[in-house]
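*Asks:* Protein chains in written order, with the numbering used here: chain L, 3 to 174; chain C, 15 to 169; chain X, 73 to 459.
Here a beta-carbon is modelled for each residue, glycine too, at the ideal position from N, C-alpha and C.
Since the model is a prediction, treat every value here as computed from it, not as a measurement.
Quick one: structure below, then a few questions.
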């Protein structure tokens, strides 16, 4: 390589040198977006406002696709119809986060993970928060139910669901 | 093959607003550090020579783009620059109208490969290719090691 | 298809902050690779550049920005991008250039400057999430690794100590790497298990750091190798790549199907049907310690759920039966995303040509495999090389 190379290239800077000593330029691009939700997600968001979760069906592979989409990515054909799915599901995986989106420490951890939704094809689900759980009670395979915001607070967003909580005695 | 349904009422279609935020700090690099500290401390500019290719690169870089050899030997860039081409700006970078139109130019030096894009302090009517100009620096105390240590160019 | 070899490699230090601009980093790595191959830029017919999102360096169209540092001026030049998979994918793109017969000698350069992104590269990683489904939840990218790690460990009942042992192995292996950012000869499993909890189950020492760096390889045809009497060419034996759906919440994360597909593609070309027996060492992508295990299984080097056992039994140590990440990996050397080419395909080259110095695997090796991994847990690129 390696035996021949005396000094490997690269000029290391300490944090102090980086921020205070060397010449540099600071810049903040300000890029704002209005992402088109598209056909499927527009309806998905509208249904969330009504307190419902909606999926699309593909007649060919017979899957119930959630989140909904206008074409089936397996069969590569347009999907066929809307169908409402339930707001109960199963925890497929989860994490307990002690950092926020900028990697700063947060006091109260956030429980987050993937919930596969009842009525959709197996394993189809979304990422969301979990609540009314502790590190000891939360587990993969737990049955959960969505906790919705009151109708007047819903905006047509995944946050119209506050979090998913464990199913209680007698609930299915 | 197309979707089985298509919404035709525009108001039923939603968009989701957001931004792609980031902050950046760009180091000027090894060559840049040498160039900008010199500009800040003495007001002098330099170009990097590649003798094998007989080229002087400006702004100076660490290496020759043709033969990829290192270019540690730098020569001063003194004397006037010539305006190669101009544009008159009426809008700022955000699209807002400028109170006073600004003259910006591509500037070249004799015997130097490359040049600068910078502001030229002349009225738009006087801004023409062929005009010779010199750099006008900020006062030494205000210079930080940035291309804006040059305030503008003027005849 | 023509036979294609790697005939030289170079890389910069990997560090949290380097002063060099992206162009300067590219030039340092390119020059080193050319010098190692005994060539000048005039011997290069085409240049391939690889880098992960523009958003890290913070320069839009960064491939075009750095090209003169890669010797790409007035040459056929292309930038390829597959997120974190780029470290092994850009050598594959360079392979296409030569195998197709269109070019004889190609320089591939990969670079990343994550220090430019303030306050931390994490902020920009956030833009990978779907704006409607995911971003409103204010996710940190560590969440997806945590969710994947949890799923993998739960399905296979993996003990955390066996995962932490990978971080220990790689950070210790990195002591032998001259460019290493996080080499630590004394690190223990306890150190990893006691490090700061980020997003359960992921702790700080489970994660590779963000880094600045660049690496370069010279890729040549068999004719070129013969004509220039190259002494230790290392041959591309098989290449593969594959990607899974962006609907990541619809997938079971415990096993990377896309990696197995890419591996099968590469093994078919390399005529390997018993990977564990026919492959001598591996450089799986290890941005997290559990990923080495996940990828060993995806590379079909062992059965599902078996990688932790191989680790525990010392099989993956440099002097074991299947040395894994002898370079020190991303965990030990650093993670300037695409520039990890230098410790993946680059390491295969240096090991198989006997140039790995203190890291040289202490027995005869003929065949190595590496993979890289990218996007939203979707993509893998695989390369098999032979001496």
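Using a C-beta cutoff of 8 Å, does residue 47(C) count as contacting chain L?
*Replies:* yes
*Asks:* Could you tell me the alpha carbon to alpha carbon distance between residue 372(X) and residue 404(X), rounded to whole angstroms?
*Replies:* 24 Å
*Asks:* Determine which residues share a DSSP beta bridge with residue 395(X) and list them.
*Replies:* For residue 395(X), which the question treats as bridged, DSSP gives no partner whatsoever.
*Asks:* I'd like to know whether the C-beta atoms of residue 163(L) and residue 148(L) end up nearer to each other than 8 Å.
*Replies:* yes
*Asks:* Can you pull out the residues from the segment 419 to 430 of chain X whose beta carbon lies closer than 8 Å to at least one beta carbon of chain L?
*Replies:* 422, 427, 428 and 429
*Asks:* Quick one: list the residues of chain C neighbouring residue 105(L), beta-carbon separation under 9 Å, in chain order.
*Replies:* Ordered by position in chain C, no residue passes the 9 Å Cβ test against residue 105(L), which lies about 14 Å from the chain.
*Asks:* So within the segment 108 to 157 of chain X, which uninterrupted alpha helix (DSSP H) runs reach at least 4 residues, ignoring any that extend past its ends?
*Replies:* 126 to 129 and 134 to 138
*Asks:* Can you find a C-beta in chain X that's less than 8 Å from the C-beta of residue 38(L)?
*Replies:* Not an interface residue.
*Asks:* Just the chain X side, please: which residues come within less than 9 Å of residue 39(C) by C-beta, in chain order?
*Replies:* 130, 187, 188, 189 and 190
*Asks:* Using a Cβ cut-off of 9 Å, pull out every chain C residue sitting near residue 132(L), in sequence order please.
*Replies:* Those do not exist, as residue 132(L) stays about 24 Å from chain C at its closest Cβ, beyond 9 Å.
*Asks:* With distance defined between alpha-carbon atoms, name the residue in 193(X), 219(X) and 369(X) nearest to residue 131(L).
*Replies:* Out of 193(X), 219(X) and 369(X), the CA that lies nearest to the CA of residue 131(L) is found in 219(X).
*Asks:* Report the rounded CA-to-CA distance for residue 99(C) versus residue 160(C), giving the unit in angstroms.
*Replies:* 23 Å
*Asks:* Less than 8 Å between the CB atoms is what I'm expecting for residue 93(X) and residue 12(L), so what's the real figure, rounded?
*Replies:* About 12 Å; that fails the 8 Å criterion.
*Asks:* Skipping 5 residues on each side, what residues in its chain have a beta carbon closer than 8 Å to that of residue 98(X)?
*Replies:* 121, 138, 141, 142, 181, 183, 286 and 288
*Asks:* Any Cβ of chain L within less than 8 Å of the Cβ of residue 111(X)?
*Replies:* no
*Asks:* So residue 8(L) contacts chain C; which residues on that side make the cut at Cβ distance below 7 Å?
*Replies:* None at all; the shortest Cβ gap to chain C is about 15 Å.
*Asks:* Could you compute how far the alpha carbon of residue 64(X) sits from the alpha carbon of residue 145(L)?
*Replies:* For residue 64(X) there is no data in the structure shown, the boundaries of chain X being 73 and 459.
*Asks:* Excluding five sequence neighbours on each side, which residues of the same chain lie with their C-beta closer than 7 Å to the C-beta of residue 438(X)?
*Replies:* So the qualifying residues of the chain are 352, 458 and 459.
*Asks:* Find the nearest neighbour of residue 131(C) within the set 149(C), 77(C) and 115(C), judged by alpha-carbon distance.
*Replies:* 149(C)
*Asks:* Report the residues of the segment 80 to 113 of chain C with a CB closer than 8 Å to any CB of chain L, ordered along the chain.
*Replies:* none
*Asks:* Whole-angstrom Cβ separation of residue 111(X) and residue 306(X), contact assumed at under 8 Å?
*Replies:* Incorrect: roughly 16 Å between the Cβ atoms, too far for contact.
*Asks:* Just list the beta strand (DSSP E) runs in the segment 310 to 376 of chain X, keeping only unbroken ones of 3 residues or longer that don't cross its boundaries, in chain order.
*Replies:* 353 to 355
*Asks:* Would you mind reading off the limits of the alpha helix (DSSP H) that contains residue 122(C)?
*Replies:* Not the alpha helix (DSSP H): residue 122(C) falls in the beta strand (DSSP E), residues 111 to 122.
*Asks:* Per DSSP, which one or two residues make a beta bridge with residue 190(X)?
*Replies:* 37(C)
*Asks:* Could you work out which residues of chain C lie near residue 47(L), taking near to mean beta carbons separated by less than 9 Å?
*Replies:* 28 and 30
*Asks:* Please list the residues of the segment 152 to 169 of chain L that have a C-beta atom closer than 9 Å to any C-beta atom in chain C, keeping them in chain order.
*Replies:* Per Cβ criterion, the list reads 158 and 159.
*Asks:* Threshold first: 3 residues or longer. Then list the beta strand (DSSP E) segments lying entirely within the segment 65 to 96 of chain L, N to C.
*Replies:* Fully enclosed beta strand (DSSP E) runs of 3 or longer: 65 to 67 and 83 to 87.
*Asks:* Run down chain L in chain order and give the residues with a C-beta less than 9 Å from the C-beta of residue 129(C).
*Replies:* Chain L residues near residue 129(C): none, gap ~19 Å exceeds 9 Å.
*Asks:* Are the C-beta of residue 141(X) and some C-beta of chain L separated by less than 8 Å?
*Replies:* no
*Asks:* Give me the chain X residues within the contact set of residue 192(L), using Cβ-Cβ distance strictly less than 7 Å, ordered along the chain.
*Replies:* Because chain L in this structure spans residues 3 to 174, residue 192(L) falls outside the shown range and cannot be described.
*Asks:* Could you work out which residue in 159(L), 172(L) and 150(L) is closest to residue 165(L) when comparing CA atoms only?
*Replies:* 150(L)
*Asks:* Answer yes or no: does any C-beta atom of chain C fall closer than 8 Å to that of residue 99(X)?
*Replies:* yes
*Asks:* Let's test the definition: count the other Cβ atoms within 10 Å of the Cβ of residue 104(C) and tell me whether it reaches 16, buried, or not, exposed.
*Replies:* exposed
*Asks:* For the beta strand (DSSP E) holding residue 90(C), just list the boundary residues, first then last.
*Replies:* 88 to 91
*Asks:* With 8 Å set as the bound, which would you pick, yes or no: does the beta-carbon of residue 36(C) sit closer than that to a beta-carbon of chain X?
*Replies:* yes
*Asks:* Between which two residues does the beta strand (DSSP E) carrying residue 445(X) extend?
*Replies:* 439 to 446
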